[in-house]
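Inspection log for the structure reproduced underneath, given as C-alpha coordinates.
Take a look at the structure:
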(Lines of atoms letter the chains of each structure in order from A and count residues from 1; the text may use other names and numbers.)
(Lines give C-alpha, C1' and ligand atoms only; values in the text may rest on other atoms or scores of the structure.)
Protein backbone atom coordinates (compact mmCIF):
# COMPACT_ATOMS: atom_id res chain seq x y z
CA UNK A 1 0.00 0.00 0.00
CA UNK A 2 2.82 2.39 0.89
CA UNK A 3 4.58 1.76 -2.43
CA UNK A 4 1.31 2.35 -4.30
CA UNK A 5 0.74 5.64 -2.47
CA UNK A 6 4.32 6.69 -3.23
CA UNK A 7 3.79 5.83 -6.88
CA UNK A 8 0.63 7.94 -7.06
CA UNK A 9 2.36 10.91 -5.44
CA UNK A 10 5.37 10.53 -7.74
CA UNK A 11 3.06 10.46 -10.77
CA UNK A 12 1.35 13.71 -9.79
CA UNK A 13 4.71 15.37 -9.03
CA UNK A 14 5.97 14.32 -12.47
CA UNK A 15 2.80 15.59 -14.13
CA UNK A 16 3.07 18.90 -12.27
CA UNK A 17 6.63 19.38 -13.50
CA UNK A 18 5.51 18.46 -17.03
CA UNK A 19 2.78 21.08 -16.70
CA UNK A 20 5.33 23.74 -15.66
CA UNK A 21 7.62 22.77 -18.54
CA UNK A 22 4.72 23.27 -20.97
CA UNK A 23 4.05 26.80 -19.79
CA UNK A 24 6.09 28.30 -22.63
CA UNK A 25 9.02 30.74 -22.67
CA UNK A 26 10.17 31.99 -19.28
CA UNK A 27 9.12 35.59 -18.56
CA UNK A 28 11.92 38.13 -18.81
CA UNK A 29 12.66 40.60 -16.03
CA UNK A 30 13.07 43.98 -17.71
CA UNK A 31 13.66 46.05 -14.56
CA UNK A 32 14.02 45.03 -10.93
CA UNK A 33 14.48 47.38 -8.00
CA UNK A 34 15.11 45.71 -4.65
CA UNK A 35 14.38 47.25 -1.28
CA UNK A 36 17.48 47.91 0.87
CA UNK A 37 16.20 45.45 3.47
CA UNK A 38 14.56 42.11 2.69
CA UNK A 39 11.34 41.43 4.57
CA UNK A 40 10.75 38.09 6.27
CA UNK A 41 7.24 37.94 4.79
CA UNK A 42 7.01 38.80 1.11
CA UNK A 43 3.78 39.98 -0.50
CA UNK A 44 3.60 40.11 -4.29
CA UNK A 45 1.14 42.71 -5.61
CA UNK A 46 0.49 42.38 -9.36
CA UNK A 47 -0.95 45.69 -10.56
CA UNK A 48 -3.32 45.46 -13.52
CA UNK A 49 -4.81 48.95 -13.27
CA UNK A 50 -3.04 52.00 -11.77
CA UNK A 51 -6.23 53.18 -10.03
CA UNK A 52 -6.16 50.03 -7.84
CA UNK A 53 -2.72 50.79 -6.41
CA UNK A 54 -3.88 52.51 -3.18
CA UNK A 55 -6.33 49.77 -2.17
CA UNK A 56 -4.05 46.85 -3.08
CA UNK A 57 -0.95 48.33 -1.43
CA UNK A 58 -2.96 49.23 1.69
CA UNK A 59 -4.26 45.65 1.89
CA UNK A 60 -0.80 44.15 1.39
CA UNK A 61 0.73 46.56 3.92
CA UNK A 62 -1.93 45.80 6.52
CA UNK A 63 -1.05 42.11 6.36
CA UNK A 64 2.72 42.49 5.97
CA UNK A 65 3.35 45.08 8.68
CA UNK A 66 2.88 42.70 11.63
CA UNK A 67 5.01 40.07 9.90
CA UNK A 68 8.10 42.22 9.33
CA UNK A 69 7.10 42.13 5.71
CA UNK A 70 8.05 43.52 2.34
CA UNK A 71 5.84 44.43 -0.61
CA UNK A 72 6.90 43.50 -4.13
CA UNK A 73 4.95 45.50 -6.71
CA UNK A 74 4.73 43.87 -10.14
CA UNK A 75 3.76 45.07 -13.59
CA UNK A 76 3.58 42.56 -16.44
CA UNK A 77 3.95 43.63 -20.06
CA UNK A 78 2.16 41.16 -22.30
CA UNK A 79 4.12 40.30 -25.46
CA UNK A 80 2.79 38.23 -28.40
CA UNK A 81 4.13 34.69 -28.25
CA UNK A 82 5.66 34.85 -31.73
CA UNK A 83 7.77 37.86 -30.72
CA UNK A 84 9.02 36.40 -27.45
CA UNK A 85 9.71 38.50 -24.33
CA UNK A 86 11.47 41.38 -26.08
CA UNK A 87 12.11 44.60 -24.19
CA UNK A 88 10.46 47.83 -25.31
CA UNK A 89 12.38 50.39 -23.23
CA UNK A 90 9.81 53.16 -23.66
CA UNK A 91 7.07 50.84 -22.41
CA UNK A 92 9.26 49.79 -19.47
CA UNK A 93 9.85 53.42 -18.50
CA UNK A 94 6.09 54.02 -18.44
CA UNK A 95 5.65 50.97 -16.20
CA UNK A 96 8.31 52.27 -13.82
CA UNK A 97 6.33 55.47 -13.38
CA UNK A 98 3.32 53.40 -12.32
CA UNK A 99 5.43 51.37 -9.89
CA UNK A 100 6.77 54.57 -8.34
CA UNK A 101 3.21 55.28 -7.18
CA UNK A 102 3.20 51.87 -5.47
CA UNK A 103 6.57 52.62 -3.83
CA UNK A 104 5.29 55.94 -2.51
CA UNK A 105 2.10 54.37 -1.15
CA UNK A 106 4.01 51.59 0.61
CA UNK A 107 6.36 54.17 2.12
CA UNK A 108 3.37 56.10 3.48
CA UNK A 109 2.25 52.87 5.17
CA UNK A 110 5.70 52.32 6.68
CA UNK A 111 6.67 49.37 4.50
CA UNK A 112 9.69 48.75 2.28
CA UNK A 113 8.80 48.05 -1.34
CA UNK A 114 10.62 46.30 -4.15
CA UNK A 115 9.35 46.31 -7.72
CA UNK A 116 9.65 44.45 -11.01
CA UNK A 117 8.63 44.94 -14.61
CA UNK A 118 8.32 41.56 -16.30
CA UNK A 119 7.69 40.79 -19.97
CA UNK A 120 5.92 37.55 -20.84
CA UNK A 121 3.57 35.84 -23.27
CA UNK A 122 1.20 34.79 -20.48
CA UNK A 123 0.32 37.24 -17.70
CA UNK A 124 -0.77 34.60 -15.18
CA UNK A 125 2.38 32.54 -15.69
CA UNK A 126 4.49 35.69 -15.35
CA UNK A 127 2.85 36.35 -11.96
CA UNK A 128 3.34 32.74 -10.83
CA UNK A 129 6.97 32.73 -11.99
CA UNK A 130 7.65 36.00 -10.17
CA UNK A 131 6.08 34.69 -6.95
CA UNK A 132 8.23 31.55 -7.07
CA UNK A 133 11.39 33.43 -8.00
CA UNK A 134 10.99 35.93 -5.13
CA UNK A 135 9.86 33.19 -2.71
CA UNK A 136 6.70 35.09 -1.84
CA UNK A 137 4.46 34.11 1.06
CA UNK A 138 1.38 35.80 -0.35
CA UNK A 139 -0.04 37.16 -3.60
CA UNK A 140 -2.58 40.01 -3.32
CA UNK A 141 -4.77 40.63 -6.38
CA UNK A 142 -7.75 42.73 -7.33
CA UNK A 143 -10.98 41.51 -8.92
CA UNK A 144 -13.70 43.58 -10.58
CA UNK A 145 -16.51 41.42 -9.12
CA UNK A 146 -17.63 39.69 -12.30
CA UNK A 147 -16.27 38.02 -15.43
CA UNK A 148 -17.59 38.06 -18.98
CA UNK A 149 -17.14 34.36 -19.71
CA UNK A 150 -19.12 31.67 -17.92
CA UNK A 151 -16.31 29.10 -17.96
CA UNK A 152 -14.18 31.46 -15.90
CA UNK A 153 -14.86 32.22 -12.27
CA UNK A 154 -12.89 35.37 -11.50
CA UNK A 155 -11.20 35.84 -14.87
CA UNK A 156 -8.51 33.92 -16.70
CA UNK A 157 -5.50 35.48 -14.98
CA UNK A 158 -6.93 35.46 -11.44
CA UNK A 159 -8.30 31.91 -11.81
CA UNK A 160 -4.91 30.57 -12.90
CA UNK A 161 -3.02 32.29 -10.09
CA UNK A 162 -5.52 31.12 -7.46
CA UNK A 163 -5.30 27.53 -8.67
CA UNK A 164 -1.54 27.25 -9.12
CA UNK A 165 0.26 29.65 -6.78
CA UNK A 166 2.82 28.10 -4.43
CA UNK A 167 1.77 30.48 -1.65
CA UNK A 168 -1.34 32.01 -0.10
CA UNK A 169 -3.57 34.11 -2.35
CA UNK A 170 -5.83 37.00 -1.33
CA UNK A 171 -8.29 38.46 -3.85
CA UNK A 172 -10.12 41.71 -3.18
CA UNK A 173 -13.26 43.13 -4.75
CA UNK A 174 -13.03 46.76 -3.67
CA UNK A 175 -16.25 48.74 -3.43
CA UNK A 176 -16.09 52.50 -2.88
CA UNK A 177 -13.27 54.56 -1.45
CA UNK A 178 -14.49 55.07 2.12
CA UNK A 179 -12.36 53.89 5.02
CA UNK A 180 -13.10 50.40 6.33
CA UNK A 181 -14.41 50.76 9.88
CA UNK A 182 -16.52 47.61 10.31
CA UNK A 183 -15.39 44.15 9.18
CA UNK A 184 -17.46 40.96 9.04
CA UNK A 185 -15.52 37.70 9.28
CA UNK A 186 -17.61 34.58 8.53
CA UNK A 187 -15.92 31.37 9.66
CA UNK A 188 -16.55 27.64 9.51
CA UNK A 189 -13.26 26.80 11.22
CA UNK A 190 -11.41 25.28 8.24
CA UNK A 191 -7.79 25.91 7.22
CA UNK A 192 -8.69 28.73 4.84
CA UNK A 193 -11.01 30.32 7.41
CA UNK A 194 -8.28 30.24 10.04
CA UNK A 195 -5.83 31.89 7.66
CA UNK A 196 -8.52 34.50 6.92
CA UNK A 197 -8.81 35.09 10.67
CA UNK A 198 -5.07 35.70 10.94
CA UNK A 199 -4.94 38.18 8.06
CA UNK A 200 -8.18 39.82 9.18
CA UNK A 201 -6.80 40.54 12.65
CA UNK A 202 -3.78 42.23 11.09
CA UNK A 203 -6.00 44.37 8.87
CA UNK A 204 -8.39 45.27 11.69
CA UNK A 205 -5.46 46.41 13.85
CA UNK A 206 -3.96 48.43 11.00
CA UNK A 207 -7.29 50.11 10.20
CA UNK A 208 -8.53 50.43 13.76
CA UNK A 209 -11.68 48.66 12.59
CA UNK A 210 -14.39 46.93 14.59
CA UNK A 211 -14.59 43.19 13.93
CA UNK A 212 -17.57 40.83 14.04
CA UNK A 213 -17.00 37.09 13.66
CA UNK A 214 -20.00 35.03 12.56
CA UNK A 215 -20.97 31.43 11.92
CA UNK A 216 -24.09 30.33 10.05
CA UNK A 217 -26.39 27.75 11.62
CA UNK A 218 -28.65 25.97 9.11
CA UNK A 219 -32.13 24.64 10.11
CA UNK A 220 -31.03 21.04 9.54
CA UNK A 221 -27.72 21.65 11.29
CA UNK A 222 -26.59 21.13 14.85
CA UNK A 223 -26.78 24.49 16.62
CA UNK A 224 -24.47 23.29 19.38
CA UNK A 225 -21.82 22.43 16.81
CA UNK A 226 -22.19 25.86 15.18
CA UNK A 227 -21.76 27.46 18.60
CA UNK A 228 -18.66 25.35 19.22
CA UNK A 229 -17.23 26.59 15.90
CA UNK A 230 -17.84 30.17 17.00
CA UNK A 231 -16.39 29.50 20.47
CA UNK A 232 -13.27 27.97 18.91
CA UNK A 233 -12.79 31.08 16.77
CA UNK A 234 -13.20 33.26 19.86
CA UNK A 235 -10.50 31.27 21.63
CA UNK A 236 -8.10 31.58 18.66
CA UNK A 237 -8.63 35.35 18.47
CA UNK A 238 -8.62 36.00 22.22
CA UNK A 239 -6.44 38.94 23.22
CA UNK A 240 -5.50 39.88 19.66
CA UNK A 241 -8.15 42.49 18.79
CA UNK A 242 -11.55 43.56 20.03
CA UNK A 243 -14.26 41.45 18.41
CA UNK A 244 -17.89 40.49 18.80
CA UNK A 245 -19.28 37.07 17.89
CA UNK A 246 -22.59 36.28 16.24
CA UNK A 247 -24.51 33.11 15.32
CA UNK A 248 -26.62 33.61 12.17
CA UNK A 249 -29.65 31.38 11.70
CA UNK A 250 -30.62 30.95 8.07
CA UNK A 251 -31.51 28.23 5.57
CA UNK A 252 -28.74 29.48 3.25
CA UNK A 253 -25.14 30.23 4.21
CA UNK A 254 -24.73 32.69 1.34
CA UNK A 255 -28.02 34.50 2.06
CA UNK A 256 -27.10 34.80 5.73
CA UNK A 257 -23.71 36.37 5.01
CA UNK A 258 -24.99 38.68 2.26
CA UNK A 259 -27.81 39.94 4.49
CA UNK A 260 -25.55 40.45 7.52
CA UNK A 261 -22.93 42.20 5.38
CA UNK A 262 -25.29 45.11 4.67
CA UNK A 263 -24.16 46.73 7.91
CA UNK A 264 -20.42 46.41 7.22
CA UNK A 265 -17.71 48.03 5.10
CA UNK A 266 -15.91 44.79 4.27
CA UNK A 267 -16.31 41.01 4.43
CA UNK A 268 -13.22 38.82 4.82
CA UNK A 269 -13.87 35.15 4.12
CA UNK A 270 -11.76 32.03 3.70
CA UNK A 271 -11.98 29.77 0.68
CA UNK A 272 -14.17 26.67 0.93
CA UNK A 273 -12.65 23.20 0.63
CA UNK A 274 -14.50 21.38 -2.15
CA UNK A 275 -13.57 18.46 -4.35
CA UNK A 276 -14.02 19.18 -8.06
CA UNK A 277 -11.42 21.08 -10.13
CA UNK A 278 -13.71 24.06 -10.75
CA UNK A 279 -14.02 24.42 -6.99
CA UNK A 280 -10.26 24.08 -6.38
CA UNK A 281 -10.30 27.86 -6.65
CA UNK A 282 -12.29 29.45 -3.82
CA UNK A 283 -15.38 27.26 -3.49
CA UNK A 284 -19.03 28.04 -4.20
CA UNK A 285 -19.89 30.01 -1.05
CA UNK A 286 -17.04 32.58 -1.09
CA UNK A 287 -17.51 33.20 -4.81
CA UNK A 288 -21.26 33.79 -4.44
CA UNK A 289 -20.70 36.05 -1.45
CA UNK A 290 -18.12 38.04 -3.42
CA UNK A 291 -20.51 38.47 -6.35
CA UNK A 292 -23.63 39.34 -4.35
CA UNK A 293 -22.27 41.49 -1.53
CA UNK A 294 -22.38 45.25 -2.11
CA UNK A 295 -19.39 46.06 0.08
CA UNK A 296 -15.70 45.26 -0.24
CA UNK A 297 -15.02 41.50 -0.15
CA UNK A 298 -11.64 39.91 0.53
CA UNK A 299 -11.29 36.16 -0.07
CA UNK A 300 -8.35 34.26 1.42
CA UNK A 301 -6.95 30.98 0.16
CA UNK A 302 -4.25 29.26 2.15
CA UNK A 303 -1.65 27.41 0.10
CA UNK A 304 -2.17 23.66 0.04
CA UNK A 305 0.66 21.84 -1.74
CA UNK A 306 -1.34 18.78 -2.82
CA UNK A 307 -4.32 20.74 -4.14
CA UNK A 308 -2.01 23.16 -5.97
CA UNK A 309 -0.27 20.19 -7.57
CA UNK A 310 -3.61 18.73 -8.66
CA UNK A 311 -4.60 22.07 -10.15
CA UNK A 312 -1.42 22.18 -12.25
CA UNK A 313 -2.07 18.65 -13.52
CA UNK A 314 -5.74 19.24 -14.32
CA UNK A 315 -5.42 22.60 -16.05
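Residue numbers (my numbering): 9 to 323.
Quick reminder that beta carbons are idealized off the backbone N, C-alpha and C, glycines included.
All values derive from a computational prediction rather than experimental measurement.
{"Check": "Every unbroken alpha helix (DSSP H) within the region 59-119, with a cutoff of 4 residues, ordered by chain", "Outcome": "61-72, 97-116"}
{"Check": "Residue 121 - DSSP class collapsed to helix/strand/coil", "Outcome": "strand"}
{"Check": "Collapsed DSSP secondary structure at residue 211 in the structure displayed", "Outcome": "helix"}
{"Check": "Same chain, Cβ closer than 6 Å to residue 248, five either side skipped, listed in chain order", "Outcome": "209"}
{"Check": "Buried or exposed by the 16-neighbour rule on C-beta atoms within 10 Å, applied to residue 207", "Outcome": "buried"}
{"Check": "Touching by the beta-carbon criterion (3+ pairs, under 8 Å), the region 110-127 and the region 170-183", "Outcome": "no"}
{"Check": "Where residue 310 falls, given that 16 or more other Cβ within 10 Å makes a residue buried", "Outcome": "buried"}
{"Check": "Residues that DSSP places opposite residue 304 in a beta bridge", "Outcome": "274"}
{"Check": "At least 3 beta-carbon pairs within less than 8 Å: the region 177-186 vs the region 230-247", "Outcome": "no"}
{"Check": "8 Å contact criterion, which residue 219 and residue 234 should meet: CB distance rounded", "Outcome": "The Cβ separation is near 19 Å, so there is no contact."}
{"Check": "Range covered by the alpha helix (DSSP H) that runs through residue 166", "Outcome": "164-172"}
{"Check": "Boundaries of the alpha helix (DSSP H) in which residue 239 is found, first to last residue", "Outcome": "231-245"}
{"Check": "Spatial neighbours of residue 120 in its chain, beta-carbon cut-off 6 Å, leaving aside the 5 residues before and after", "Outcome": "43, 45, 78"}
{"Check": "Cβ separation of residue 64 and residue 144, assumed to be a contact under 8 Å, to the nearest whole Å", "Outcome": "With 8 Å as the limit, residue 64 and residue 144 do not qualify as a contact, their Cβ atoms being about 14 Å apart."}
{"Check": "Run of the alpha helix (DSSP H) containing residue 256, from where it starts to where it stops", "Outcome": "Premise fails: residue 256 lies in the beta strand (DSSP E), 251-257, not in any alpha helix (DSSP H)."}
{"Check": "Check: residue 79 C-beta below 7 Å from any heavy atom of the ligand NAP", "Outcome": "Within the structure as shown, the ligand NAP is missing, as the structure has no ligands at all."}
{"Check": "Euclidean distance between Cα positions of residue 201 and residue 292", "Outcome": "14 Å"}
{"Check": "Extent of the continuous beta strand (DSSP E) run through residue 191", "Outcome": "190-194"}
{"Check": "Residue range of the unbroken beta strand (DSSP E) whose run includes residue 38", "Outcome": "36-41"}
{"Check": "Cβ distance (whole Å) where residue 185 is taken to contact residue 132 below 8 Å", "Outcome": "Not really, about 28 Å apart at Cβ, beyond 8 Å."}
{"Check": "Buried/exposed call for residue 135, threshold 16 Cβ in 10 Å", "Outcome": "buried"}
{"Check": "Where the beta strand (DSSP E) containing residue 50 begins and where it ends", "Outcome": "49-54"}
{"Check": "Residue 226, DSSP secondary structure in three states", "Outcome": "coil"}
{"Check": "Contact with chain C by residue 261, beta-carbon distance below 8 Å", "Outcome": "Chain labels in this structure do not include chain C; a single protein chain is all it has."}
{"Check": "Beta-carbon contacts of residue 269 that lie in its chain and below 7 Å, excluding the five residues immediately before and after", "Outcome": "192, 275, 301, 303"}
{"Check": "Cα-Cα separation, residue 222 to residue 104", "Outcome": "42 Å"}
{"Check": "Residue 96 to residue 267 span [Cα, whole Å]", "Outcome": "49 Å"}
{"Check": "Residues near residue 84 by beta carbon distance below 7 Å, same chain, minus five either side", "Outcome": "54, 126, 128, 131, 134, 135"}
{"Check": "As assigned by DSSP and simplified to three states, the class of residue 45", "Outcome": "coil"}
{"Check": "Cutoff 6 Å; reference residue 190; Cβ partners in own chain excluding five residues on either side", "Outcome": "218, 272, 273"}
{"Check": "Cβ pair residue 107, residue 81 closer than 8 Å", "Outcome": "yes"}
{"Check": "Start-to-end residues for the beta strand (DSSP E) that takes in residue 176", "Outcome": "176-181"}
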